[in-house]
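Here the structure is laid out as structure tokens; the discussion comes afterwards.
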Amino acid sequence: MAVNGTGPYDPQNVFARILRGELPCKKVYEDEYALAFHDIAPKAPVHVLVIPKGPFVSFADFSSKGTEAEITGFTRAVGRVARDLNLEAPGYRLLSNVGVAGGQEVPHFHVHLFGGRALGAMLAG
Ligand code: 5GP
1 MAVNGTGPYD PQNVFARILR GELPCKKVYE DEYALAFHDI APKAPVHVLV IPKGPFVSFA
61 DFSSKGTEAE ITGFTRAVGR VARDLNLEAP GYRLLSNVGV AGGQEVPHFH VHLFGGRALG
121 AMLAG
């Protein structure tokens with residue numbers, strides 16, 4: 001079900017629980033600012049989620065409340081994950097759903113990283 005992208009932050013959301021180690025994930029990368037792991041229901045040969053470690057509901061929340069260090073650290077982590085997965089040369093897609101119209105389902109900011117095939121049209125319909 002789509003969620004409100006403006007909060008308040010729910011510390012029981014599934015990605016908060018993954019960050020606390022209460023739920024497992026297939027980890028791809030982790031540093032001080034970000035955790036990257038495989039999506040549980042992949043929509044492409046490579047479908048990785050990158051999340052910041054702080055309690056941000058959506059891109060709207062992160063871009064307005066994240067510190068410079070958090071924003072820089074997270075952005076660099078996304079780029080590094082794409083590079084480490086050898087997606088730079090063939091190309092890849094970043095996507096972040098925000099709120100109800102965006103179709104956001106998990107209320108912890110995340111970027112989808114898709115790759116591994118030609119990804120086709122930007123939007124389904
Ligand atoms: P959203 O629609 O919020 O942008 O996407 C949420 C994504 O999280 C979906 O692609 C969904 O498959 C993924 N997801 C939901 N629950 C879990 C989980 O417990 N583990 C992992 N790895 N991915 C999840």
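The sequence shown finishes on residue 125 if you use UniProt numbering, and the numbering steps up by one all the way, no holes.
Ideal Cβ placement from N, Cα and C applies to all residues, glycine included.
| query | result |
| --- | --- |
| DSSP state of F114 mapped onto helix, strand, coil | strand |
| Local conformation of I40 per DSSP, three classes | coil |
| Pairwise C-alpha distance: V48 and P90 | 16 angstroms |
| C-beta atoms of S58 and G99 nearer than 9 angstroms | yes |
| Status (buried if at least 16 other CB within 10 Å, exposed otherwise) for L94 | exposed |
| Identity of the residues DSSP links to A34 by a beta bridge | P52 |
| G21 Cβ short of 8 angstroms to ligand 1 heavy atom set | no |
| beta-carbon L49 near ligand 1 non-hydrogen atom, thresh 8 angstroms | yes |
| Spatial distance of Y9 from A121 (CA atoms) | 32 angstroms |
| Cβ contact check for the segment 110-118 and the segment 34-54: 3 or more pairs under 8 angstroms | yes |
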